[in-house]
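Below: the structure, in structure tokens.
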Amino acid sequence: MKSLVTLFTLICIYFSNCMAQVSEYPIAGQWPYGQPFAIEKYSNGNNDLIFYSEGTVLHIADLNSLGEVQALSSFRTNYLVKNIAISPNGQTLVINDEDQWISLLDVSNPQSPILLGRFDFDDESLPGYLQGGKPKGMDFINDTTLVSAISPKGIWALDISDPQNIAVIGDIFEPGTDTVSDVAIYDQYAFVADDLDGLSVYDVSDLSNISLVLRDATYSKAHNINIIDDTAYIARKSEGVSLASIDLLPNLSVTEIITFSDDVGDARKVYPLPGSYLAIASGSEGVLIFDINNMAAPVLIQSSGTTSPGIIVKDFLIVGLDRGTPNGQFKNGLVVYNTDAMGTVGALQELSFSQLQEPTVDVEVFQDKITLLMDDGGVVVVDNSNPYRPETSLWLHQDRRITAAVSIENYLIAGEPREELLITDISDINNPVTIPGYDIGNRFPNHMIVLDNNHILVAYRDEIEWLNISQQGATVRGHWSGSLLLRVARDNEIIVAIGGTQITILDFSLVGNPVLLAQHTTSDVIKDVALVDDYLYLALGLGGLQIWDVSDPVNASIVSTTETSPMPIEGIDIHNQVAYLASGALFGLLEYDISDLADPQLLNFYKTQSDGVKVVANDDFLVVADEAAGAIIFSKSVPTEPPIFKNGFEQL
Numbered sequence: 005m006k007s008l009v010t011l012f013t014l015i016c017i018y019f020s021n022c023m024a025q026v027s028e029y030p031i032a033g034q035w036p037y038g039q040p041f042a043i044e045k046y047s048n049g050n051n052d053l054i055f056y057s058e059g060t061v062l063h064i065a066d067l068n069s070l071g072e073v074q075a076l077s078s079f080r081t082n083y084l085v086k087n088i089a090i091s092p093n094g095q096t097l098v099i100n101d102e103d104q105w106i107s108l109l110d111v112s113n114p115q116s117p118i119l120l121g122r123f124d125f126d127d128e129s130l131p132g133y134l135q136g137g138k139p140k141g142m143d144f145i146n147d148t149t150l151v152s153a154i155s156p157k158g159i160w161a162l163d164i165s166d167p168q169n170i171a172v173i174g175d176i177f178e179p180g181t182d183t184v185s186d187v188a189i190y191d192q193y194a195f196v197a198d199d200l201d202g203l204s205v206y207d208v209s210d211l212s213n214i215s216l217v218l219r220d221a222t223y224s225k226a227h228n229i230n231i232i233d234d235t236a237y238i239a240r241k242s243e244g245v246s247l248a249s250i251d252l253l254p255n256l257s258v259t260e261i262i263t264f265s266d267d268v269g270d271a272r273k274v275y276p277l278p279g280s281y282l283a284i285a286s287g288s289e290g291v292l293i294f295d296i297n298n299m300a301a302p303v304l305i306q307s308s309g310t311t312s313p314g315i316i317v318k319d320f321l322i323v324g325l326d327r328g329t330p331n332g333q334f335k336n337g338l339v340v341y342n343t344d345a346m347g348t349v350g351a352l353q354e355l356s357f358s359q360l361q362e363p364t365v366d367v368e369v370f371q372d373k374i375t376l377l378m379d380d381g382g383v384v385v386v387d388n389s390n391p392y393r394p395e396t397s398l399w400l401h402q403d404r405r406i407t408a409a410v411s412i413e414n415y416l417i418a419g420e421p422r423e424e425l426l427i428t429d430i431s432d433i434n435n436p437v438t439i440p441g442y443d444i445g446n447r448f449p450n451h452m453i454v455l456d457n458n459h460i461l462v463a464y465r466d467e468i469e470w471l472n473i474s475q476q477g478a479t480v481r482g483h484w485s486g487s488l489l490l491r492v493a494r495d496n497e498i499i500v501a502i503g504g505t506q507i508t509i510l511d512f513s514l515v516g517n518p519v520l521l522a523q524h525t526t527s528d529v530i531k532d533v534a535l536v537d538d539y540l541y542l543a544l545g546l547g548g549l550q551i552w553d554v555s556d557p558v559n560a561s562i563v564s565t566t567e568t569s570p571m572p573i574e575g576i577d578i579h580n581q582v583a584y585l586a587s588g589a590l591f592g593l594l595e596y597d598i599s600d601l602a603d604p605q606l607l608n609f610y611k612t613q614s615d616g617v618k619v620v621a622n623d624d625f626l627v628v629a630d631e632a633a634g635a636i637i638f639s640k641s642v643p644t645e646p647p648i649f650k651n652g653f654e655q656l
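This note's numbering applies: residue 5 is where the sequence shown begins, and numbers increase by one.
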């Protein structure tokens, strides 16, 4: 029953159209890199510009005639970029996060984008009937008029001629427009992709009187729409893709050409290629190429085997990958393919590949240093000694697979599986010095924690090591062999390791001779662990938060279980009688008052932009690792207006 009450409370909070703040911790900044979600291209006749997102960073690049991408500038947005639209004259770029913001940037000088203005969908001054909407796909009517699909509100027309005062100058909301996700402007019409009601077409020639002129429910689950020449290309998620011809005379009509779903999976975008081929971005199958010379029987001829949120096609096929690349070397990337030879060789030729940075998957804090573990993208150290200007001080080992990392007073330690612990002297953080590494043989470092200024604990799959770190490298002071030792927590001399459903409790009072005290099992797989004052706190995924009394390790007992389903708890930390829970996609971070361990009470939440995976808290900092949006950093010592990172994001 308690889980139902918690769920109801969270849902009420979520749909209350307000963003709760983390108790006591103002936001200080964000390490911004993550997955690519949006790609667009603009051609001015002389050159091609590429606009693409990487977590909360917008990149602008030049695409030359050989398909090579050259980065021109980057802009930190402070939110995930989910959709991009470019004005017909190529001067104004519009982005949104599908949640709260539409932002306008002047890109007349691609090497120096300038923020012009923002529209806040949570602005309480908006008329009541406009509040609660979320911006989705966008397209321009002209250089100063933007149309956006607004879920669950239908479509809005926005006057952006004064970027500081963006105004809604037309809207329509009626049955059939509440699950919209994309819009494409064609002539005087707005073609809208609607999940429940298929394709809706509106006459937008008079924005004060937008009117429905056509609706076709046979295109249900429509997610993305592109109109090229006189053909609509509609991606329909599990329903596959549809192509339809558009006739304007004598009256507007839309006629289905083909619909197919075999081998498509979760279709998110679809574009035509030369020679009767289609490129499809599938959320489950990757980039797919279909031969549709025989419309009655489309043939799959190529698949990237990755996850791709976006593609664009104009002379080149440009793909944003967030789950691997065709060559398997990286997880995130921007790939450019040559489409000219499709008709002769039946396959794409990769022209260039740009590695994008990986999601943030773990975080550790020691003093003023925040260590961020990137998923196959190295290790980042953020120096927060000046919380007014948090600074990315180091980014090491981007070309190596790092699975665990931590920084202590003078050293950064990063674990490369089956190779070594890479040790860097960071006493002068601006001049890091590599010192001898520690050979770990065929072991797999899963987790590291700080013990003090010179000691760390490393958890391998079946071993734990207590290491002293010095200028000579790493020296073993204590060692334990067992199984399922994947993440660890410490309280004085007691070490707890978790893995699968197993809890292992060890006494390291004699570091050189640790003693097994007890082992226990849980009913759910344990995702993370914290240990404070004889109490063990477990993140159990969909099993929620579980608290154990381990004052008597042999007879450890469950004190309480707080279910949080459907929010999976992936990470946990405890500070000042508050449990901070990294809770997946719906909220990101949950806070529970645990002053009564038998009955934790929900205090608050902070909705991160993607999946909260790990969290750490201390007297000064609270950091949430968000898988797609980087790391969100909170500090008690920041000004009222949040600062931004140094290192290349000064425009904001």
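For glycine and all other residues, C-beta sits at the position ideal for the given N, C-alpha and C.
Proximity of residue i and residue j at Cβ, strictly below 7 Å
{"i": "Ile315", "j": "Ala285", "result": "yes"}
{"i": "Ala463", "j": "Ala501", "result": "yes"}
{"i": "Asp577", "j": "Ala621", "result": "yes"}
{"i": "Asp615", "j": "Gly575", "result": "no"}
{"i": "Glu58", "j": "Tyr83", "result": "no"}
{"i": "Ile231", "j": "Tyr275", "result": "no"}
{"i": "Leu150", "j": "Ile159", "result": "no"}
{"i": "Leu277", "j": "Ile261", "result": "no"}
{"i": "Gly419", "j": "Gln402", "result": "no"}
{"i": "Ala197", "j": "Ile145", "result": "no"}
{"i": "His524", "j": "Ile507", "result": "yes"}
{"i": "Asp199", "j": "Lys225", "result": "yes"}
Between the CA atoms of residue j and residue i - distance to the nearest angstrom
{"i": "Trp105", "j": "Ser569", "result": "29 Å"}
{"i": "Asp372", "j": "Gly279", "result": "58 Å"}
{"i": "Ile173", "j": "Gly244", "result": "35 Å"}
{"i": "Ser411", "j": "Gln475", "result": "14 Å"}
{"i": "Asp624", "j": "Tyr223", "result": "52 Å"}
{"i": "Leu593", "j": "Asn51", "result": "44 Å"}
{"i": "Ala171", "j": "Ser129", "result": "12 Å"}
{"i": "Leu53", "j": "Ile453", "result": "44 Å"}
{"i": "Val349", "j": "Val317", "result": "Per-residue confidence for Val349 stands at a pLDDT of 46, beneath the threshold of 50, marking its modelled position as unreliable; no derived number is given."}
{"i": "Ser389", "j": "Ser242", "result": "49 Å"}
{"i": "Ser639", "j": "Val529", "result": "32 Å"}
{"i": "Val384", "j": "Asp101", "result": "25 Å"}
{"i": "Ala65", "j": "Pro40", "result": "14 Å"}
{"i": "Thr407", "j": "Asp443", "result": "15 Å"}
{"i": "Ile637", "j": "Asp600", "result": "28 Å"}
{"i": "Lys86", "j": "Ala300", "result": "34 Å"}
{"i": "Ser641", "j": "Lys611", "result": "22 Å"}
{"i": "Ile118", "j": "Ile598", "result": "46 Å"}
{"i": "Gly132", "j": "Val217", "result": "27 Å"}
CA nearest to the CA of residue i, picked from the options
{"i": "Leu544", "options": "Asp537, Asp538 and Trp552", "result": "Trp552"}
{"i": "Arg481", "options": "Asn472, Ser215, Ala221 and Leu489", "result": "Asn472"}
{"i": "Glu44", "options": "Ser77, Ser555, Trp484 and Ala89", "result": "Ala89"}
{"i": "Ala635", "options": "Asp532, Leu606, Arg404 and Thr375", "result": "Thr375"}
{"i": "Ser431", "options": "Thr407, Tyr541, Asp387 and Phe320", "result": "Asp387"}
{"i": "Phe294", "options": "Ser288, Thr438 and Gln306", "result": "Gln306"}
{"i": "Ser513", "options": "Asp495, Gln39 and Arg491", "result": "Asp495"}
{"i": "Arg491", "options": "Ile145, Asp163, Asp600 and Gly504", "result": "Gly504"}
{"i": "Ala75", "options": "Val619, Tyr56 and Asn87", "result": "Tyr56"}
{"i": "Asp603", "options": "Thr566, Trp399 and Pro302", "result": "Thr566"}
{"i": "Phe177", "options": "Asn169, Ala161 and Ala629", "result": "Ala161"}
{"i": "Leu321", "options": "Asn342, Leu62 and Thr235", "result": "Asn342"}
{"i": "Ser485", "options": "Pro518, Val582, Glu72 and Ala478", "result": "Pro518"}
{"i": "Gly121", "options": "Pro114, Asp532, Ile499 and Leu108", "result": "Leu108"}
{"i": "Arg404", "options": "Thr428, Gly269, Val617 and Asp379", "result": "Asp379"}
{"i": "Ser204", "options": "Leu489, Ala629, Ala194 and Asn213", "result": "Ala194"}
{"i": "Ile498", "options": "Asp429, Phe370, Ile468 and Val187", "result": "Ile468"}
Residue i - partner residues in DSSP beta bridges
{"i": "Tyr37", "result": "Tyr37 is not bridged to any residue."}
{"i": "Thr149", "result": "Asn146 and Asp163"}
{"i": "Leu321", "result": "Val317 and Tyr341"}
{"i": "Gln306", "result": "Ile293"}
The ligand ATP heavy atom lying under 6 Å from the CB of residue i
{"i": "Ser599", "result": "With respect to small molecules bound, the structure shown includes none, and the ligand ATP cannot be examined in it."}
Exercise for the section: Please list the segments of the beta strand (DSSP E) lying wholly inside the region 575–605, counting only runs of 3 or more residues, in order along the chain. Expected result: Those beta strand (DSSP E) runs which fall completely within the region 575–605 and span 3+ residues are 575–579, 582–586 and 592–597.
Practice task
Return the chain-ordered ranges of every beta strand (DSSP E) run that is complete within the region 220–276 and spans a minimum of 3 residues.
Solution key: At a cut-off of 3 residues, the continuous stretches assigned as beta strand (DSSP E) that sit fully inside the region 220–276 are 228–232, 235–239, 245–251 and 257–264.
Practice task
Output the residue ranges of the beta strand (DSSP E) runs that lie fully inside the region 402–480 and measure 3 residues or longer, sorted by chain position.
Solution key: Qualifying beta strand (DSSP E) stretches, in chain order: 408–411, 415–420, 424–429, 437–443, 451–456, 459–463 and 467–474.
Practice task
For the region 167–223, list the beta strand (DSSP E) runs that are entirely contained and at least 3 residues long, ordered along the chain.
Solution key: With a minimum length of 3 residues, the continuous beta strand (DSSP E) runs that stay inside the region 167–223 are 171–176, 184–190, 193–198, 202–207 and 215–220.
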